Every structure is written in C-alpha cells, then in structure tokens.
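A.B. asks:
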Amino acid sequence: MNSGSEVNQRIARISAHLHPPTIQMEGSSVLSRASCRAKGGAPGFKVAILGAAGGIGQSLSMLVKMNPLVSVLHLYDVVNAPGVTADVSHMDTGAVVRGFLGQQQLENALTGMDLVIIPAGVPRKPGMTRDDLFKINAGIVKTLCEGVAKCCPRAIVGLISNPVNSTVPIAAEVFKKAGTFDPKKLLGVTTLDVVRANTFVAEVLGIDPREVNVPVVGGHAGVTILPLLSQVKPPCSFTPEEINYLTDRIQNGGTEVVEAKAGAGSATLSMAYAAAKFADACLRGLRGDAGVIECSFVSSQVIGVNISFIKGSG
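Residue 1 is where the sequence shown starts when you use the UniProt record's numbering, and the numbers rise one by one after that.
(1) List the residues that DSSP assigns as beta-bridge partners of Pro-227.
(2) Tell me, to the nearest whole angstrom, how far the beta carbon of Gly-94 is from that of Pro-68; I am working on the premise that it is less than 8 Å.
(3) For Asp-87, which residues from the same chain have a beta carbon less than 7 Å from its beta carbon, with the 5 sequence-adjacent residues on both sides left out?
(4) Looking at the secondary structure, which residues open and close the beta strand (DSSP E) in which Arg-98 lies?
(5) Starting from the C-beta of residue 316, find all residues in its chain whose C-beta is less than 8 Å away, skip the five residues before and the five after it, and write them out in chain order.
(6) Quick one, are the C-beta atoms of residue 333 and Leu-63 less than 8 Å apart?
(7) What are the boundary residues of the alpha helix (DSSP H) that includes Ser-270?
(8) Going by C-alpha distance, which of Leu-286, Gly-291, Phe-278 and Thr-268 is nearest Pro-123?
(9) Could you have a look at Ile-156 and say whether DSSP puts it in helix, strand or coil?
(10) According to DSSP, His-74 sits in a beta bridge with which residue or residues?
(11) Could you name the residues of the same chain whose beta carbon sits closer than 6 Å to that of Leu-31, not counting the 5 residues immediately before and after it, in chain order?
(12) Only counting runs of 4 or more residues, tell me where the alpha helix (DSSP H) segments fall wholly within the segment 78–149, in order along the chain.
(13) So what does DSSP say about Leu-186, is it helix, strand or coil?
(14) What residues in its chain sit with their C-beta under 7 Å from that of Phe-175, if we drop five residues either side in the sequence?
(15) Between Pro-82 and Asp-131, how many whole angstroms is the CB-CB distance? I'm expecting something under 8 Å.
(16) To the nearest angstrom, how far is it from the Cα of Glu-256 to the Cα of Val-214?
(17) Within the continuous alpha helix (DSSP H) that includes Ser-61, where are the two ends?
(18) What are the start and end residues of the alpha helix (DSSP H) that includes Gln-251?
(19) List the endpoints of the continuous alpha helix (DSSP H) containing Ala-192.
(20) Under DSSP, the alpha helix (DSSP H) around Phe-175 begins and ends at which residues?
(21) Are Ala-275 and Ile-56 closer than 8 Å when you measure CB to CB?
(22) For Thr-167, which option in Asp-248, Val-201 and Gly-121 has the closest C-alpha, if you only look at C-alpha atoms?
(23) Using only CA atoms, which one of Leu-159, Ile-207, Glu-242 and Thr-239 lies nearest to His-220?
(24) Where Leu-246 and Gly-54 are concerned, what is the direct C-alpha to C-alpha distance, given to the nearest angstrom?
(25) Is the Cβ-Cβ distance between Ala-279 and Val-116 less than 8 Å?
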C-alpha cells in the first residue's frame with residue numbers, strides 16, 4: 001500500500017503543469033527522464049514553444065504533443081499559458097506538458113531544451129505586410145532569443161515570427177553578442193511556402209499533394225519566395241501560364257488567407273501544420289535519421305537563395 005507522502009508526490013507530479021516551478025524552487029524546472037517515465041512519457045526530446053497561447057501556438061502545441069519523438073513539451077506565453085497547457089496536457093500521448101507564464105518564467109521554460117519553436121508576435125491583418133509587423137515582433141524576438149542564448153544555447157531554434165527575413169538576422173545578432181551563434185541551428189521556418197507549393201502544384205497536376213515535393217528557396221515574403229518549379233518531384237512541366245499562376249499564388253498565399261478571414265486572423269492553422277512538420281524534421285535529424293531535408297531561411301553567403309539541410313548521420 002502506498003504511503004500518504006508517496007501518493008501526494010505522485011499527484012503533485014501529475015498536476016505539475018498547472019504550477020510551473022520558479023528558479024528558486026528545489027531542483028530544475030526541466031523534468032528528469034525518470035519523472036517523464038513516471039507519467040508515462042517515453043524518452044525523447046525536449047521542445048519549447050514560445051508564444052504557445054497565440055493563434056499559431058495553440059494548434060502547434062497540440063500537433064507537437066502528438067509527436068512520439070517529444071518527451072517533454074514546455075509551453076510559454078505572456079498570457080493564457082496555463083489554460084492552453086491544461087487543455088493540451090489532457091491528450092493521451094507520451095509527452096509531459098509544462099506551462100510557463102510571463103517573462104519571469106522564461107528561463108525555466110527554456111532550460112535544457114533541444115528544440116525551441118518561436119511563433120510569438122502579433123499576426124497580420126488585412127492591408128498589412130509582413131514588414132509592418134517588424135517594430136513589434138523584433139523586440140519580442142530579441143527578448144526570447146536572449147533567453148535561449150542563456151538557458152539552452154545548444155538548442156535548434158525555429159523562428160516563425162514575421163517578418164522572418166528580418167527577425168532571423170536579429171536573432172543571429174543576439175546569439176553573436178552572447179557568443180552562442182551557430183548558423184546551423186538558427187532556422188527561419190519557411191515550410192509553409194513548401195506546403196502551399198505542394199498543394200497548389202498538386203491541384204494543377206490533378207494528383208495527391210502528398211506525392212509532390214516542390215523546393216522553395218529565398219525568403220518568406222512576397223517576391224523573395226522562390227518556388228523551383230523546374231525541380232518538382234515527380235518530374236513534370238508547366239506552361240508559361242501555369243508557371244505565372246503558381247508563382248503568384250505561392251508568393252501571395254498568406255495574403256489570400258488574411259483577406260479571406262476578413263480581419264479575423266492570418267494563416268494560423270496551415271502555419272501550425274507546417275511548423276509541426278518542420279519540428280518533426282528537426283527531431284528526426286537530431287535522432288540521427290538519414291536523408292532528412294528541410295527548406296528554411298538561414299545564414300548564407302548566397303543572397304536570396306537560403307536552404308537549410310538538416311541531415312541525420314549515416
């Protein structure tokens with residue numbers, strides 16, 4: 001028969017996501033592998049989502065919780081993090097979920113993470129470009145990346161906050177100042193451009209989009225988005241009219257969604273889906289899987305053609 005103290009400890013462990021630890025609390029905020037097993041979590045990687053209560057963050061949190069490679073999932077935001085955490089934690093998958101609210105808990109949210117995904121920031125509204133978001137989102141990204149540099153400098157960072165073409169260089173400067181910059185681990189998430197390209201090309205070809213792969217290079221805004229339609233798999237050819245149509249729609253897919261939602265939001269669902277695919281590719285690469293390739297916006301000496309290859313060993 002379990003003692004009262006053992007029962008209390010088990011209950012405290014199970015409900016820990018509702019009461020995030022502080023730096024002053026005994027031990028680390030990062031769950032040990034033994035603690036993960038105690039709640040049924042399988043050994044795996046530790047992932048933090050910064051901006052988990054936002055339009056992208058909530059759906060992304062759900063999708064990452066479903067990933068069997070994730071053992072610990074930290075959800076951070078400046079508002080509403082406890083509610084999202086409680087909701088996601090009820091999903092019967094292996095990852096242990098912890099919530100962190102406000103900047104005073106940022107360090108706890110980041111300590112020991114393997115992968116940090118950042119969707120934090122304000123979304124686009126009708127009539128706005130991604131560049132209009134710069135003044136607000138730049139400061140948010142700077143603060144969060146300072147936390148990453150201090151608490152998990154070896155983590156892979158996937159940056160979603162727009163404008164990605166500008167926020168990635170800001171993050172790079174933060175890491176350079178801290179002496180932790182690794183160009184192989186700072187990645188602007190442009191997977192949504194690939195997802196859209198796959199979908200739109202499949203519509204033109206009349207095939208399943210899961211059978212299509214369209215490399216998309218460059219940046220993540222307007223004409224900097226460059227779908228390589230000559231490199232589509234399976235191999236195919238397009239008329240000039242189809243090339244113009246596909247290029248324009250891929251480049252302006254975000255605006256299409258913003259206008260369709262008429263002020264009610266931006267491309268939150270498709271972005272969360274794309275970010276979850278990106279996160280899975282990163283985790284498979286960290287695991288050592290061979291042949292894992294993902295397009296992203298990275299530091300490069302080739303202006304406008306930035307591709308990240310995340311590859312496992314072997």
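In this text, a Cβ means the ideal position worked out from N, Cα and C, and glycines have one as well.
Remember, predicted model here, so these are calculated numbers, not experimental data.
C.D. replies: Per the coordinate set shown:
(1) As a first step, residue 227 is located in the sequence shown; it is residue number 227 there, counting from the start. Paired residues: Val-216.
(2) Reading the sequence shown from its first residue, position 94 is the one you call residue 94. Reading the sequence shown from its first residue, position 68 is the one you call residue 68. Separation of the CB atoms of Gly-94 and Pro-68 is rounded to 6 Å, and the pair is thereby assigned contact status at 8 Å.
(3) Taking the first residue of the sequence shown as position 1, residue 87 is located at position 87. Excluding sequence neighbours, Asp-87 sits near nothing in its chain.
(4) By 1-based counting over the sequence shown, the position of residue 98 is 98. Segment 96–101, the beta strand (DSSP E) holding Arg-98.
(5) Because the chain here runs from 1 to 314, residue 316 falls outside it and cannot be looked at.
(6) Residue 333 is absent from the structure shown; the chain starts at 1 and stops at 314.
(7) Residue numbering aside, residue 270 sits at position 270 when the sequence shown is read from its first letter. Element bounds for Ser-270: 268–287.
(8) Looking up residue 123 in the sequence shown gives position 123. Nearest C-alpha to Pro-123: Thr-268.
(9) For the purposes of this step, residue 156 is taken as residue 156 along the sequence shown, with counting starting at 1. The DSSP-derived three-state label of Ile-156 is strand.
(10) Within the sequence shown, the letter at position 74 stands for residue 74. Answer by DSSP bridge pairing, in chain order: Ala-48 and Arg-98.
(11) The residue you call residue 31 lines up with position 31 of the sequence shown. Residue placement at Leu-31 is poorly supported in this model, since its pLDDT is 46, which falls under 50; the coordinates are not used for a value here.
(12) Those alpha helix (DSSP H) runs which fall completely within the segment 78–149 and span 4+ residues are 81–89 and 106–110.
(13) Position 186 of the sequence shown, counting from 1, holds the residue named residue 186. If DSSP states are grouped into helix, strand and coil, Leu-186 belongs with the strands.
(14) Counting from 1 along the sequence shown, the entry for residue 175 is found at position 175. Non-local beta-carbon contacts of Phe-175 in its own chain, meaning distances under 7 Å to residues more than five positions away in sequence, involve Cys-145, Ala-149, Phe-181 and Leu-186 in chain order.
(15) Here residue 82 refers to the residue found at position 82 of the sequence shown. Here residue 131 refers to the residue found at position 131 of the sequence shown. Contact between Pro-82 and Asp-131 is absent: CB atoms are separated by about 33 Å, not below the 8 Å threshold.
(16) Taking the first residue of the sequence shown as 1, we reach residue 256 at position 256. Taking the first residue of the sequence shown as 1, we reach residue 214 at position 214. Those two C-alpha atoms are separated by around 20 Å.
(17) For this step, residue 61 is matched to residue 61 along the sequence shown. Per DSSP, Ser-61 is one residue of the alpha helix (DSSP H) stretching across 55–65.
(18) Taking the sequence shown and counting its residues from 1, one reaches residue 251 at position 251. Run containing Gln-251: 240–251, per the alpha helix (DSSP H) assignment.
(19) Walking along the sequence shown from the start, residue 192 turns up at place 192. The question names Ala, but residue 192 is Leu in the sequence shown. Annotation: the continuous alpha helix (DSSP H) that includes Leu-192 extends over 191–205.
(20) By one-based count along the sequence shown, residue 175 stands at place 175. First-last of the alpha helix (DSSP H) with Phe-175: 164–178.
(21) By one-based count along the sequence shown, residue 275 stands at place 275. By one-based count along the sequence shown, residue 56 stands at place 56. Contact: yes.
(22) Position 167 of the sequence shown, counting from 1, holds the residue named residue 167. It is Gly-121.
(23) Residue 220 sits at position 220 when you count from the first residue of the sequence shown. Minimum Cα distance to His-220 is reached at Leu-159.
(24) In the sequence shown, counting from the first residue as 1, residue 246 sits at position 246. In the sequence shown, counting from the first residue as 1, residue 54 sits at position 54. Their backbone Cα atoms lie some 30 Å apart in a straight line.
(25) For this step, residue 279 is matched to residue 279 along the sequence shown. For this step, residue 116 is matched to residue 116 along the sequence shown. No; because the gap between Cβ atoms is not below 8 Å, this pair is not in contact.
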